[in-house]
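Counted the way this note's numbering counts, the sequence shown spans residues 8 to 236.
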Amino acid sequence: MPGKGRSGHGAGRRRRAASGGGRSTGSAGGYQRKDAFYRRAKEEGYRSRAAYKLLEINERYHLIGRGARVLDLGCWPGGWLQVAVSLAGPTGTVVGVDLRETDPLSGAVILTGDVTDGAVIERLRAAAPGGAYDVVIADLSPQLSGVRFRDEARAAELNEIALSVAEALLQPGGSLLMKTFMSGETEGILRRARALFGAVRLTAVEATRKGSAEQYMIAREKRSLGLAQ
Ligand SMILES: C[S@@+](CC[C@H](N)C(=O)[O-])C[C@H]1O[C@@H](n2cnc3c(N)ncnc32)[C@H](O)[C@@H]1O
Numbered sequence: 008m009p010g011k012g013r014s015g016h017g018a019g020r021r022r023r024a025a026s027g028g029g030r031s032t033g034s035a036g037g038y039q040r041k042d043a044f045y046r047r048a049k050e051e052g053y054r055s056r057a058a059y060k061l062l063e064i065n066e067r068y069h070l071i072g073r074g075a076r077v078l079d080l081g082c083w084p085g086g087w088l089q090v091a092v093s094l095a096g097p098t099g100t101v102v103g104v105d106l107r108e109t110d111p112l113s114g115a116v117i118l119t120g121d122v123t124d125g126a127v128i129e130r131l132r133a134a135a136p137g138g139a140y141d142v143v144i145a146d147l148s149p150q151l152s153g154v155r156f157r158d159e160a161r162a163a164e165l166n167e168i169a170l171s172v173a174e175a176l177l178q179p180g181g182s183l184l185m186k187t188f189m190s191g192e193t194e195g196i197l198r199r200a201r202a203l204f205g206a207v208r209l210t211a212v213e214a215t216r217k218g219s220a221e222q223y224m225i226a227r228e229k230r231s232l233g234l235a236q
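Shown next, in the form of C-alpha cells:
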C-alpha cells in the first residue's frame, strides 16, 4: 500500500477531482515531467506515476487477484510493487528485482540484480512458493542513449529477456504483462509471445505520455510446453 493512499484508489480519484487535478505548473514547458499523473502519485503516496498504468491495466484485464504470486521485473522505484502488494493481498506473494537498489516495501521481497543473470533467475525461482509465479509484470526500460535504433534494439532485447523469464518461471496458465515499444521488432516479439501463450494482445494506457511509442503486451494462458511455433 502506498504511504498516503490507504483510503483506496477511488478515494484518491475523488480527492484529485476535488482539487482540480493538482497544483498548476504555472508555465507551459517547464514542468513537462511533472504532469497530472506525477502529481497524483506524489499526493497518493505512490513511488512512481507508473503505478497508474498497472492499476488501469488490472482494472481492465484482472491479471493480479488475491493470493497471486507476482514477479515484478525492473521494479525500481516500486510503484508497480505497491500496486501488486495491494492487489495480491496478505495471502499473495510479491517479488521484485531491479539493477538499482529499491527501498524496502512491506509485503514484498526485493532483490537487486540483473534479470539476464542466471543466478538471479534461480534466486527469483527460490522466492516463489512452489517455485513458480502466477503473473510476471515487466516494466523494464533500457538506459536511453538517444540513438533511436540502438534504443529500440535494447528495448526489444529486454522484451526477449522478459519472455524468457516468463517461460522459465511462470506456471502453466499464468500471465505476463510487459511494456514494449512499437518498432520494427514488435512483430517478432508478438510471434514469440504467441508461441508461449494462448492469448496475446497489445494495449495503450492513459498514463503513458503523449507521443510515446509505449504499449503494454498482455499475454495470458501460458502454454504447458511453450514449444508451439
Ligand atoms: C521504468 S522503470 C520501472 C518502474 C516501475 N515499474 C515502477 O512502477 O516504479 C524500469 C526499470 O528497469 C530496470 N532494468 C533495466 N534493465 C534491467 C535488467 N537487465 N535487470 C534488472 N532491471 C533492469 C531499470 O533499472 C529501471 O529501474
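Just so you know, even glycine gets a beta-carbon here, dropped at the ideal spot from N, CA and C. For clarity, every value in this text was computed on a predicted model and none was experimentally measured.
Heavy atom of ligand 1 within 7 Å of residue i beta-carbon
{"i": "T215", "result": "no"}
{"i": "L62", "result": "no"}
{"i": "V142", "result": "no"}
{"i": "T187", "result": "no"}
{"i": "P84", "result": "yes"}
{"i": "S148", "result": "yes"}
Reference residue i, options the options, closest by Cα
{"i": "M185", "options": "E159, A220, V122 and L209", "result": "L209"}
{"i": "P84", "options": "A115, G120, D110 and A139", "result": "D110"}
{"i": "S219", "options": "R155, G125, K49 and G74", "result": "R155"}
{"i": "L112", "options": "I128, V143, V90 and E174", "result": "V90"}
{"i": "R132", "options": "E174, G114, L106 and A162", "result": "E174"}
{"i": "G138", "options": "I128, D146 and R198", "result": "I128"}
Burial state of residue i, where buried means 16 or more other Cβ atoms lie within 10 Å
{"i": "S231", "result": "exposed"}
{"i": "M224", "result": "buried"}
{"i": "S6", "result": "No information on residue 6 is available, as it lies outside the stretch 8 to 236 that the chain covers here."}
{"i": "T100", "result": "buried"}
{"i": "D291", "result": "Look at the range of the chain in this structure, 8 to 236, and you will see that residue 291 is not part of it."}
{"i": "T98", "result": "exposed"}
{"i": "A60", "result": "According to the sequence provided, residue 60 is Lys. The question's Ala does not apply to it. K60 should be labelled buried."}
{"i": "D121", "result": "exposed"}
{"i": "S152", "result": "exposed"}
{"i": "G81", "result": "buried"}
Whole-number beta carbon distance between residue j and residue i, since they are thought to touch under 8 Å
{"i": "G86", "j": "A48", "result": "7 Å"}
{"i": "I144", "j": "D79", "result": "5 Å"}
{"i": "R76", "j": "A135", "result": "5 Å"}
Alpha helix (DSSP H) runs contained entirely in the segment 86 to 114, provided each spans 4 or more residues: 86 to 95
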